[in-house]
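Novice: For reference, the structure I am asking about is given below.
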Amino acid sequence: MSDAPLSTPGTGGRFILPSFTRTTAFRLTLLSAALFAFSSFVILALVYAATVTAGVRRADNAIAQESVAIEARFRAEGAAAANRYIVQRSVAGGEFLYLLNQPSGRRLSGNISNLPAIAPDDQGRVRFTYERAPLGGQTAAEPSRAARGLISELEGGYTLFVGLDVEDEARFVTYILNAVLIASGLAVAMGIVSGAVVSRRFSRRLDDINAAAREVMAGRLQSRAPRNFSGDELDDLASNFNDMLDRVERLMQRMRSAGDSIAHDLRLPLTRMRGRLEAALVTEGDLADREAALAQAISDSDELLKTFNAVLSLSRLQTGERRRAFETLDPAEIIADVAELYEPVCEETGHDFAMDTHPGLTILGDRELVAQAIANLVDNAIKYTPEGGAIMLRVRSTSRGEVELSVTDTGPGIAAEDRPRVLERFVRLEASRNLPGVGLGLSLVHAIAEVHGAELTLDDGPGSSSGEGTGLRIALRFPAYRE
Numbered sequence: 012m013s014d015a016p017l018s019t020p021g022t023g024g025r026f027i028l029p030s031f032t033r034t035t036a037f038r039l040t041l042l043s044a045a046l047f048a049f050s051s052f053v054i055l056a057l058v059y060a061a062t063v064t065a066g067v068r069r070a071d072n073a074i075a076q077e078s079v080a081i082e083a084r085f086r087a088e089g090a091a092a093a094n095r096y097i098v099q100r101s102v103a104g105g106e107f108l109y110l111l112n113q114p115s116g117r118r119l120s121g122n123i124s125n126l127p128a129i130a131p132d133d134q135g136r137v138r139f140t141y142e143r144a145p146l147g148g149q150t151a152a153e154p155s156r157a158a159r160g161l162i163s164e165l166e167g168g169y170t171l172f173v174g175l176d177v178e179d180e181a182r183f184v185t186y187i188l189n190a191v192l193i194a195s196g197l198a199v200a201m202g203i204v205s206g207a208v209v210s211r212r213f214s215r216r217l218d219d220i221n222a223a224a225r226e227v228m229a230g231r232l233q234s235r236a237p238r239n240f241s242g243d244e245l246d247d248l249a250s251n252f253n254d255m256l257d258r259v260e261r262l263m264q265r266m267r268s269a270g271d272s273i274a275h276d277l278r279l280p281l282t283r284m285r286g287r288l289e290a291a292l293v294t295e296g297d298l299a300d301r302e303a304a305l306a307q308a309i310s311d312s313d314e315l316l317k318t319f320n321a322v323l324s325l326s327r328l329q330t331g332e333r334r335r336a337f338e339t340l341d342p343a344e345i346i347a348d349v350a351e352l353y354e355p356v357c358e359e360t361g362h363d364f365a366m367d368t369h370p371g372l373t374i375l376g377d378r379e380l381v382a383q384a385i386a387n388l389v390d391n392a393i394k395y396t397p398e399g400g401a402i403m404l405r406v407r408s409t410s411r412g413e414v415e416l417s418v419t420d421t422g423p424g425i426a427a428e429d430r431p432r433v434l435e436r437f438v439r440l441e442a443s444r445n446l447p448g449v450g451l452g453l454s455l456v457h458a459i460a461e462v463h464g465a466e467l468t469l470d471d472g473p474g475s476s477s478g479e480g481t482g483l484r485i486a487l488r489f490p491a492y493r494e
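See the structure below:
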């Protein structure tokens, strides 16, 4: 992307600003520079005002002291003494300007010829310019110089003027004023330059992230935003953006595999159900055979509905809808309810059933979902544990203060490399292909654990009752909760 200014057709030749000048980074940097320039201007203006005030005060004090000295001689020894003092000071040279006029207005002594033409203020002070007489070796008077003075009326009608040349101080004050203006201009200019540099770098990195987003929107999910690993906010944004894309890609892959699994696992029961219905329709059987075929078709359709209901439950769980129904729960009560439901089932299937609970523990969650998760685990344990095996439900508090709900069986167990896979939708291991189910039980338990912020772990159990397996222990660890 080019940042150069350009003029495009249809704009009437108008000048178009570079694109980076429209970025937030440039505007914020420019605003900061403007605030810095303004604050610098205010500070330097205060310095300027303080310098001017100090110079004026110093000059007025010096003039007043010199005037008091002359007036003291005039009162003590008369006009002759004051005249003598002025002549001596004038001949000696210096910054002071003197003029002593007689009552008639005629000049008596001093190094200037006339009083300033500017009217003095109420205190007799006056600010004026004058031309200094040529010094030795000079052929013309110097340019006008700034001065301040004090006009005093003496006894007998005499008029005394004492002034002080402040040209050097005036030039210094002008220098400070120019420095204030130049410094403010430089601050604004540097702010614009730094804003351009920062915003161009900022906008380029944002362009890279936007380019990756456009790639993803075009269907190329493998695209990722580049990172510089600096740890700044844009790097964090790129990292979070890439993590989001990783999750989206995984979800898309799961969706594709879920569709394939649904088509694979449901094709057989649908085909079987259609065959039974077709046979009942075309075969000349009695009414009882047709009713049996219809009953079996209804049973098959119920299994299909269970599958789709499980998929819908997973979708709702992953959207977090059920979090609003969370409440404080006693897991021992939930385990007792599940045990009451499945203990008779275990007696019929020939499994030993045991329960170990610790009352007084508390978790935060949805009672129905937690009970469903434990029921799914017990159902799987009954399904995969051979007759004569053992199943145990347990509630305990871990060393880290977590509340653990576990189901342990003495079945064949699950190999360590297959444990991550069985938590995905519609994943069924080869050993369970001939058993009823579509592979949603553990994925539903995993989704319930994620909704509750719980950790789901699969470990080896106490060993298989048949001696051909490790058994399985599945635990849900809920975060510690205190009301």
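According to my numbering, the stretch in the sequence shown is residues 12 to 494, in order.
Every residue, glycine too, gets a C-beta built ideally from N, C-alpha and C.
Predicted model, so just to flag it, every value in this text is computed and none were measured.
1. Counting beta carbon pairs with one atom in the segment 123-134 and one in the segment 187-199, are three or more of them shorter than 8 Å?
2. Span of the beta strand (DSSP E) holding F139?
3. Checking 8 Å against the spacing of the C-beta atoms, do F107 and G174 come in under that value?
4. If I374 and F489 are in contact, beta carbons under 8 Å, what's the gap, nearest whole angstrom?
5. Let's see if you can read the secondary structure: which residues bound the beta strand (DSSP E) around E520?
6. Under a three-way DSSP split, which group does R405 fall into?
7. Between the alpha carbons of R216 and A48, how many angstroms are there, rounded?
8. Tell whether a beta-carbon distance below 8 Å holds between L483 and L469.
9. Taking only three categories from DSSP, how would you classify L146?
10. What separation, rounded to the nearest whole angstrom, lies between the Cα atoms of D101 and A45?
11. On the criterion of 16 or more Cβ atoms from any shown chain inside 10 Å, does V227 qualify as buried, or is it exposed?
12. Look up D311 in the DSSP assignment and say whether it is helix, strand or coil.
13. Mind the definition here: the segment 361-381 touches the segment 424-437 only if three or more C-beta pairs lie below 8 Å; say whether that holds.
14. Between the Cα of V65 and the Cα atoms of V208, E413, F183 and T481, which residue gives the shortest distance?
15. For the beta strand (DSSP E) containing S163, name the first residue and the last one.
16. With the cut-off set at 8 Å, would you say I485 and V418 are in Cβ contact?
17. Determine, using beta carbons only, whether S51 and A194 come nearer to each other than 8 Å.
18. Return helix, strand or coil for A306, following the three-state DSSP convention.
19. If you count every other CB in all the chains shown that lies within 10 Å of the CB of L316, and 16 or more means buried, which is it?
20. Which class does I74 belong to by DSSP, given the choice of helix, strand or coil?
21. Give the range of the beta strand (DSSP E) segment to which A109 is assigned.
22. Residues bridged to L298 by DSSP?
23. Please report the distance separating the alpha-carbon of V209 from that of N239.
24. Return the residue from the list E379, N391 and I346 that minimises the CA-CA distance to Y406.
25. What's the C-alpha gap between A465 and L487?
26. Quick check on this structure: which residue in E358, L380, A306 and G242 has the alpha carbon closest to the alpha carbon of V462?
27. Determine, using beta carbons only, whether L262 and L232 come nearer to each other than 8 Å.
28. Smallest Cα separation from I402: which of P423, T409 and G412?
29. Tell me whether L97 is buried or exposed, calling it buried when 16 or more other Cβ atoms sit within 10 Å of its Cβ.
30. Output yes or no for whether 8 Å exceeds the beta carbon distance between G472 and D420.
31. Excluding the five sequence neighbours on either side, which residues of its own chain have a C-beta within less than 8 Å of the C-beta of N387, listed in chain order?
32. Measure the CB-CB distance between S163 and E82 and report whether it falls below 8 Å.
33. Looking at I220 and L248, is the spacing between their C-beta atoms short of 8 Å?
34. Tell me which residue opens and which closes the alpha helix (DSSP H) that I393 is part of.
35. In terms of alpha-carbon separation, which member of A80, R156, R287 and E302 lies closest to D179?
Specialist: Checking against the coordinates, here is how it stands:
1. no
2. On the sequence shown, position 128 is the one that residue 139 refers to. Counting along the chain, the beta strand (DSSP E) containing F139 begins and ends at R136 to Y141.
3. Within the sequence shown, residue 107 is the residue found at index 96, counting from 1. Within the sequence shown, residue 174 is the residue found at index 163, counting from 1. The answer is yes: Cβ separation under 8 Å.
4. Here residue 374 corresponds to residue number 363 of the sequence shown, with the count starting at 1. Here residue 489 corresponds to residue number 478 of the sequence shown, with the count starting at 1. Indeed they touch by this definition, with Cβ atoms about 4 Å apart.
5. The structure shown has nothing for residue 520, since the chain only spans 12 to 494.
6. Position 394 of the sequence shown, counted from the first residue, corresponds to residue 405. R405: strand per DSSP, three-state reduction.
7. Walking along the sequence shown from the start, residue 216 turns up at place 205. Walking along the sequence shown from the start, residue 48 turns up at place 37. Their Cα atoms are separated by approximately 29 Å.
8. Translated into positions along the sequence shown, residue 483 becomes position 472. Translated into positions along the sequence shown, residue 469 becomes position 458. Going by C-beta atoms, L483 is nearer than 8 Å to L469.
9. Position 135 of the sequence shown, counting from 1, holds the residue named residue 146. Interpretation of L146 is limited by its pLDDT of 47, a score under 50 that renders its predicted location unreliable; the figure taken from the coordinates is listed afterwards. In the structure shown, L146 sits in coil (DSSP, three-state: anything other than H, G, I, E or B).
10. Residue mapping note: residue 101 aligns to position 90 of the sequence shown, counting from 1. Residue mapping note: residue 45 aligns to position 34 of the sequence shown, counting from 1. First, the amino acid is wrong: residue 101 is Ser here, not Asp. Taking the straight line from one Cα to the other gives about 52 Å.
11. As a first step, residue 227 is located in the sequence shown; it is residue number 216 there, counting from the start. Buried, because 16 or more other Cβ atoms sit within 10 Å of the Cβ of V227.
12. Here the question's residue 311 lines up with position 300 in the sequence shown. Helix.
13. no
14. Sequence index remark: in the sequence shown, residue 65 carries index 54 (1-based). Per the sequence presented here, residue 65 reads as Ala, with Val not at that position. Out of V208, E413, F183 and T481, F183 has the C-alpha closest to the C-alpha of A65.
15. In the sequence shown, residue 163 corresponds to position 152, counting from 1. Here the beta strand (DSSP E) through S163 covers R156 to E164.
16. Here the question's residue 485 lines up with position 474 in the sequence shown. Here the question's residue 418 lines up with position 407 in the sequence shown. Yes, they are a contact pair.
17. By one-based count along the sequence shown, residue 51 stands at place 40. By one-based count along the sequence shown, residue 194 stands at place 183. Contact: yes.
18. What you label residue 306 is simply residue 295 of the sequence shown in a count that begins at 1. Helix.
19. Looking up residue 316 in the sequence shown gives position 305. Exposed: under 16 other Cβ atoms inside 10 Å.
20. Taking the first residue of the sequence shown as position 1, residue 74 is located at position 63. The answer is helix: DSSP assigns I74 an H, G or I state.
21. Sequence index remark: in the sequence shown, residue 109 carries index 98 (1-based). It is Tyr, not Ala, that sits at residue 109 in the sequence shown. Run containing Y109: F107 to N112, per the beta strand (DSSP E) assignment.
22. On the sequence shown, residue 298 is found 287 positions in, with the first residue counted as 1. According to DSSP, which records beta bridges pairwise, L298 is partnered with nothing at all.
23. To locate residue 209, count along the sequence shown from 1; it is residue 198. To locate residue 239, count along the sequence shown from 1; it is residue 228. Cα to Cα, V209 sits roughly 16 Å from N239.
24. Within the sequence shown, numbered from 1, the residue matching residue 406 stands at position 395. The question names Tyr, yet the displayed sequence has Val at residue 406. For the residues E379, N391 and I346, the minimum Cα distance to V406 belongs to I346.
25. Start at 1 with the first residue of the sequence shown, and residue 465 comes out as number 454. Start at 1 with the first residue of the sequence shown, and residue 487 comes out as number 476. About 6 Å.
26. Taking the sequence shown and counting its residues from 1, the one referred to as residue 462 is at position 451. Minimum Cα distance to V462 is reached at L380.
27. Residue 262 sits at position 251 when you count from the first residue of the sequence shown. Residue 232 sits at position 221 when you count from the first residue of the sequence shown. Contact: no.
28. If you number the sequence shown from 1, residue 402 lands on position 391. The candidate whose alpha carbon is nearest that of I402 is P423.
29. For the purposes of this step, residue 97 is identified with residue 86 of the sequence shown, where counting begins at 1. Here the sequence assigns Ile to residue 97, which means Leu is not the residue at that position. Flag for I97 reads buried.
30. To locate residue 472, count along the sequence shown from 1; it is residue 461. To locate residue 420, count along the sequence shown from 1; it is residue 409. Contact flag set, yes.
31. As a working mapping, residue 387 is identified with position 376 in the sequence shown. Closer than 8 Å at the Cβ level, and outside the excluded window around N387, lie G452, L453, L455 and V456.
32. Residue numbering aside, residue 163 sits at position 152 when the sequence shown is read from its first letter. Residue numbering aside, residue 82 sits at position 71 when the sequence shown is read from its first letter. Yes, the pair counts as a contact, with Cβ atoms nearer than the cut-off.
33. As a first step, residue 248 must be located in the sequence shown, where it is residue number 237. As a first step, residue 220 must be located in the sequence shown, where it is residue number 209. Going by C-beta atoms, L248 is nearer than 8 Å to I220.
34. In the sequence shown, the residue the question calls residue 393 occupies position 382. Per DSSP, I393 belongs to the alpha helix (DSSP H) from R378 to Y395.
35. Position 168 of the sequence shown holds residue 179. The option with the nearest alpha carbon to D179 is R156.
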